[in-house]
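> Attaching a single structure in structure tokens format; questions to follow.
4 protein chains.
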Amino acid sequence: MYRHQCQERVRYGQTDQMGYLYYGQYALLYEIGRTEAIRALGMPYKYMENELGIVMPVLKLEIRYLKPAFYDELLTIHTVVKERPTKLIRFEHEIVNESGEVINRGAVTLCFYHVQTQRMVRIPEAFDRLMEPYFRERE
Amino acid sequence: MYRHQCQERVRYGQTDQMGYLYYGQYALLYEIGRTEAIRALGMPYKYMENELGIVMPVLKLEIRYLKPAFYDELLTIHTVVKERPTKLIRFEHEIVNESGEVINRGAVTLCFYHVQTQRMVRIPEAFDRLMEPYFRERE
Amino acid sequence: MYRHQCQERVRYGQTDQMGYLYYGQYALLYEIGRTEAIRALGMPYKYMENELGIVMPVLKLEIRYLKPAFYDELLTIHTVVKERPTKLIRFEHEIVNESGEVINRGAVTLCFYHVQTQRMVRIPEAFDRLMEPYFRERE
Amino acid sequence: MYRHQCQERVRYGQTDQMGYLYYGQYALLYEIGRTEAIRALGMPYKYMENELGIVMPVLKLEIRYLKPAFYDELLTIHTVVKERPTKLIRFEHEIVNESGEVINRGAVTLCFYHVQTQRMVRIPEAFDRLMEPYFRERE
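Residue numbers (this note's numbering), protein chains in the order written: chain V, 1 to 139; chain Y, 140 to 278; chain D, 279 to 417; chain G, 418 to 556.
Shown next as structure tokens:
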């Protein structure tokens with residue numbers, strides 16, 4: 001299992017007239033969560049696109065909104081990869097507010113797509129090597 | 140069952156550098172789908188907020204991305220309410236591109252929340268009366 | 279002078295907790311205004327990118343916010359090109375609400391950039407030919 | 418003169434298919450710049466809304482796009498208040514990329530608006546006291 005966490009503040013332009021973080025803005029928080037998670041592993045997503053020619057389109061998004069997030073709150077985005085990725089990679093997220101409450105849970109499933117050949121491919125080796133240590137079975 | 144459809148064009152600012160409509164933008168398309176669906180029924184969502192004091196926070200969002208949407212495509216947003224809403228309302232969506240392909244499927248579940256009493260409530264009567272004819276059992 | 283107008287509705291996700299259309303959202307309205315203006319002329323912007331290899335980066339944006347726009351308002355975006363474009367093109371916009379009030383005024387200046395040669399170029403001929411009739415001096 | 422700087426990363430969802438940070442996203446960067454500037458002064462904008470009942474609508478936005486910003490770049494947002502605010506406050510911004518280039522310059526003018534009385538007011542005293550030391554004339 002690979003875990004990571006980072007923080008992001010709710011901006012005015014991301015709230016709606018209910019005074020909540022708009023429900024469509026969580027996709028961006030999840031993007032930040034998974035991007036910073038793989039950067040921390042040593043593989044900026046930018047590298048995957050620029051050097052490996054691989055993009056990662058999203059196949060599936062699931063979100064449960066437990067409590068609202070409000071303007072100016074500093075949210076903690078928890079990101080977990082529970083299964084070693086092969087053709088797909090699934091990031092699970094929990095968002096925690098300043099009071100320590102889990103306000104949101106969700107998951108994003110992405111694939112690896114080779115731009116030049118226009119085909120879905122397996123996880124790039126360089127990325128798999130960075131991931132692998134987190135999925136070793138305990139003996 | 141209540142069905143509705145409307146159209147919306149993909150704008151430059153909604154694409155990402157992959158050249159796709161960004162995965163987080165579908166939440167706005169779904170908002171447009173359900174808003175226009177209930178407006179067509181005779182109940183602008185604005186009326187619910189301003190006159191009834193009811194807001195409709197989103198509880199759950201599920202999206203499956205089947206194919207990308209591209210810049211300037213005129214997308215058709217299909218919206219269906221399959222079950223007569225009581226405490227919750229669930230809108231199911233399909234997005235169809237100009238070639239007639241279903242490129243995206245999803246669903247949004249919302250509740251009814253009375254702002255003044257700060258409580259979840261049942262569907263407002265005025266809204267239920269408009270919905271009811273679409274859920275009569277055939278005899 | 280070339281004039282065009284189109285309409286666009288304020289969506290929930292575009293409001294902020296003040297209950298106003300967020301000030302950063304006007305750039306998208308202006309994009310819609312200029313895109314529909316040149317589509318009406320017979321030149322979808324998509325064509326310029328895909329067929330002519332020309333993109334149009336924005337150089338300058340000016341906006342004056344006279345009155346707020348509110349949720350669900352159907353705004354009319356007026357777009358005017360006052361001077362025949364050569365190296366630059368300047369779109370001026372006025373946004374009018376449902377009560378007929380001018381609530382917003384602004385302008386966007388863009389250039390023409392040839393992607394392959396990575397150079398700024400003059401307005402593409404095909405586009406200029408469509409524009410030219412609107413800038414003939416009266417005799 | 419009051420100066421502040423902070424950093425913000427360009428996210429995938431903020432790029433467009435040109436591969437640039439979308440021109441409408443700079444308004445959010447400027448929001449972040451001015452919010453963090455006044456937080457550093459000791460006055461979170463949230464406090465102004467919640468405790469003083471003052472909101473700050475934007476009256477004017479000017480942006481010059483000198484060079485594009487790209488995905489994943491860590492941008493530095495420089496914020497300056499040059500004149501002591503009275504009825505209006507004007508924030509000037511420069512955005513600098515990782516190579517140290519100024520890629521964007523702009524300014525945002527806002528007013529102070531008292532929600533309850535629905536009137537424009539002078540800068541709240543508490544905010545003015547924090548600002549004042551930065552605008553003392555040198556003797």
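Quick reminder that beta carbons are idealized off the backbone N, C-alpha and C, glycines included.
So with CB distances below 7 Å, who are the chain D contacts of G/V497?
Looking up residue 497 of chain G in the fourth sequence gives position 80. Within chain D, no residue comes near G/V497; the closest Cβ sits about 19 Å away, beyond 7 Å.
> Where G/V472 and G/E466 are concerned, what is the direct C-alpha to C-alpha distance, given to the nearest angstrom?
Counted from its first residue, the fourth sequence places residue 472 of chain G at position 55. Counted from its first residue, the fourth sequence places residue 466 of chain G at position 49. Using only the alpha carbons, I get a separation of about 5 Å.
> State yes or no: is the C-beta of V/T76 within less than 7 Å of the C-beta of V/V96?
Along the first sequence, read from residue 1 onward, the residue named residue 76 of chain V stands at position 76. Along the first sequence, read from residue 1 onward, the residue named residue 96 of chain V stands at position 96. Yes, Cβ-Cβ distance for V/T76 and V/V96 is below 7 Å.
> Between D/E379 and D/A385, what straight-line distance do the alpha-carbon atoms span, to the nearest angstrom?
Residue mapping note: residue 379 of chain D aligns to position 101 of the third sequence, counting from 1. Residue mapping note: residue 385 of chain D aligns to position 107 of the third sequence, counting from 1. Straight-line Cα distance between these residues: approximately 18 Å.
> Got a sec? Which residues, its chain only, sit under 8 Å from V/R39 by beta carbon, not counting five neighbours each side?
Translated into positions along the first sequence, residue 39 of chain V becomes position 39. Excluding residues within five positions, the ones whose Cβ falls inside 8 Å are Y45.
> How about Y/Y161 and G/G430: are their beta carbons less than 7 Å apart?
Position 22 of the second sequence, counted from the first residue, corresponds to residue 161 of chain Y. Position 13 of the fourth sequence, counted from the first residue, corresponds to residue 430 of chain G. Against a cut-off of 7 Å, the Cβ pair of G/G430 and Y/Y161 comes out as a contact.
> Examine chain D for any beta-carbon lying closer than 7 Å to the beta-carbon of V/T15, and answer yes or no.
Position 15 of the first sequence holds residue 15 of chain V. Yes, its Cβ sits closer than 7 Å to a Cβ of chain D.
> Would a check of beta-carbon distances place V/E31 closer than 7 Å to chain G?
Mapped onto the first sequence, residue 31 of chain V falls at position 31. Judged by the 7 Å Cβ criterion, V/E31 is in contact with chain G.
> Going by DSSP in three states, V/T86 sits in which element: helix, strand or coil?
Position 86 of the first sequence, counted from the start, is the residue given in the question as residue 86 of chain V. Looking at V/T86 - three-state DSSP - the assignment turns out to be coil, as it is neither helix nor strand.
> Within 10 angstroms of its Cβ, does G/L491 collect 16 or more other Cβ (buried), or is it exposed?
Reading the fourth sequence from its first residue, position 74 is the one you call residue 491 of chain G. G/L491 should be labelled exposed.
> Verify whether the separation of the beta carbon atoms of G/E448 and V/R11 is less than 7 Å.
In the fourth sequence, residue 448 of chain G corresponds to position 31, counting from 1. In the first sequence, residue 11 of chain V corresponds to position 11, counting from 1. Contact flag set, yes.
> What residues of chain Y sit near V/L28, judged by a beta carbon separation below 8 Å?
Against the first sequence, residue 28 of chain V aligns to sequence position 28. Simply G163.
> Given this structure, state the Cα-to-Cα distance separating G/V475 from V/R119, to the nearest angstrom.
Stepping through the fourth sequence from its first residue, residue 475 of chain G is reached at position 58. Stepping through the first sequence from its first residue, residue 119 of chain V is reached at position 119. Approximately 47 Å, taken between the alpha carbons.
> Between V/G19 and chain D, is the shortest Cβ-Cβ distance under 7 Å, so that the two count as touching?
Against the first sequence, residue 19 of chain V aligns to sequence position 19. Yes, V/G19 counts as interfacial toward chain D.
> Going along chain Y in order, which residues have a C-beta closer than 7 Å to the C-beta of D/R289?
Counted from its first residue, the third sequence places residue 289 of chain D at position 11. Here the neighbours are L167, E170, I171.
> By alpha-carbon positions, which one of D/E361, D/A347, D/C284, D/E329 ends up nearest to D/R414?
Here residue 414 of chain D corresponds to residue number 136 of the third sequence, with the count starting at 1. Among D/E361, D/A347, D/C284, D/E329, the Cα nearest to that of D/R414 belongs to D/E361.
> Give the straight-line distance between the Cα atoms of V/M1 and V/R64, rounded to the nearest whole angstrom.
Here residue 1 of chain V refers to the residue found at position 1 when the first sequence is read from its first residue. Here residue 64 of chain V refers to the residue found at position 64 when the first sequence is read from its first residue. Spanning the two alpha carbons is a distance of roughly 22 Å.
> Return the Cβ separation of Y/G172 and Y/C145 in integer angstroms, given the expectation that the two are a contact with Cβ distance under 8 Å.
On the second sequence, position 33 is the one that residue 172 of chain Y refers to. On the second sequence, position 6 is the one that residue 145 of chain Y refers to. Y/G172 to Y/C145, Cβ: 7 Å. Contact.
> Just reading off the beta strand (DSSP E) that V/N104 is part of, what are its end residues?
Translated into positions along the first sequence, residue 104 of chain V becomes position 104. 102-114 is the extent of the beta strand (DSSP E) around V/N104.
> According to DSSP, simplified to helix, strand and coil, what is G/K477?
In the fourth sequence, residue 477 of chain G corresponds to position 60, counting from 1. Strand, per DSSP.
> What separation, rounded to the nearest whole angstrom, lies between the Cα atoms of G/V538 and G/S516?
By 1-based counting over the fourth sequence, the position of residue 538 of chain G is 121. By 1-based counting over the fourth sequence, the position of residue 516 of chain G is 99. For G/V538 and G/S516, the distance between alpha carbons rounds to 42 Å.
> Pick out whichever of G/T452, G/Y437, G/R426, G/T526 has its Cα sitting closest to the Cα of V/L28.
Sequence index remark: in the first sequence, residue 28 of chain V carries index 28 (1-based). Checking every option, the nearest Cα to that of V/L28 belongs to G/R426.
> At the level of alpha carbons, what is the spacing between D/I367 and G/E542?
By one-based count along the third sequence, residue 367 of chain D stands at place 89. By one-based count along the fourth sequence, residue 542 of chain G stands at place 125. Cα-Cα distance, rounded: 45 Å.
> Based on DSSP bridge pairs, tell me the residues matched to D/Y301.
In the third sequence, residue 301 of chain D corresponds to position 23, counting from 1. For D/Y301, which the question treats as bridged, DSSP gives no partner whatsoever.
> What's the gap between the Cα of G/T526 and the Cα of D/A347?
As a first step, residue 526 of chain G is located in the fourth sequence; it is residue number 109 there, counting from the start. As a first step, residue 347 of chain D is located in the third sequence; it is residue number 69 there, counting from the start. Cα to Cα, G/T526 sits roughly 18 Å from D/A347.
> Give the straight-line distance between the Cα atoms of G/E549 and D/E340, rounded to the nearest whole angstrom.
Working through the fourth sequence from its first residue, we reach residue 549 of chain G at position 132. Working through the third sequence from its first residue, we reach residue 340 of chain D at position 62. Each residue's Cα considered, the two are about 29 Å apart.
> In three-state DSSP terms, what is D/L352?
By one-based count along the third sequence, residue 352 of chain D stands at place 74. D/L352 falls in the strand class under three-state DSSP.
> Helix or strand or just coil, what does DSSP make of Y/R150?
Locating residue 150 of chain Y in the second sequence gives position 11, where the first residue counts as 1. Reduced to three states, the DSSP call for Y/R150 is coil.
> Kindly list, in the order they appear in chain G, the residues whose Cβ is closer than 8 Å to that of Y/Y210.
Your numbering for residue 210 of chain Y matches position 71 in the second sequence. Within chain G, the residues near Y/Y210 are Q434.
> What is the residue span of the beta strand (DSSP E) that D/M398 lies within?
Working through the third sequence from its first residue, we reach residue 398 of chain D at position 120. From DSSP, the beta strand (DSSP E) with D/M398 extends over 397-399.
> Rounded to whole angstroms, what's the CA-CA distance from D/G297 to V/Q17? Just pull it up for me.
Mapped onto the third sequence, residue 297 of chain D falls at position 19. Mapped onto the first sequence, residue 17 of chain V falls at position 17. Their Cα atoms are separated by approximately 5 Å.
> Could you spell out where the alpha helix (DSSP H) holding D/K345 opens and where it closes?
Position 67 of the third sequence holds residue 345 of chain D. Note, D/K345: premise wrong, no alpha helix (DSSP H); not H, not E.
> Could you check the C-alpha separation between Y/R268 and Y/T256 for me, to the nearest Å?
To locate residue 268 of chain Y, count along the second sequence from 1; it is residue 129. To locate residue 256 of chain Y, count along the second sequence from 1; it is residue 117. The alpha-carbon atoms of Y/R268 and Y/T256 are separated by roughly 23 Å.
> Checking contacts by CB at 7 Å: is Y/L227 closer than that to chain V?
In the second sequence, residue 227 of chain Y corresponds to position 88, counting from 1. So no, Y/L227 is outside the interface.
> Would you report the Cα separation of V/Y113 and V/P85, rounded to the nearest angstrom?
Numbered from 1 along the first sequence, position 113 holds the residue referred to as residue 113 of chain V. Numbered from 1 along the first sequence, position 85 holds the residue referred to as residue 85 of chain V. So the alpha carbons of these two residues sit roughly 14 Å apart.
> Whole angstroms is fine: what's the gap from Y/E233's alpha carbon to Y/T174's?
Residue mapping note: residue 233 of chain Y aligns to position 94 of the second sequence, counting from 1. Residue mapping note: residue 174 of chain Y aligns to position 35 of the second sequence, counting from 1. Spanning the two alpha carbons is a distance of roughly 15 Å.
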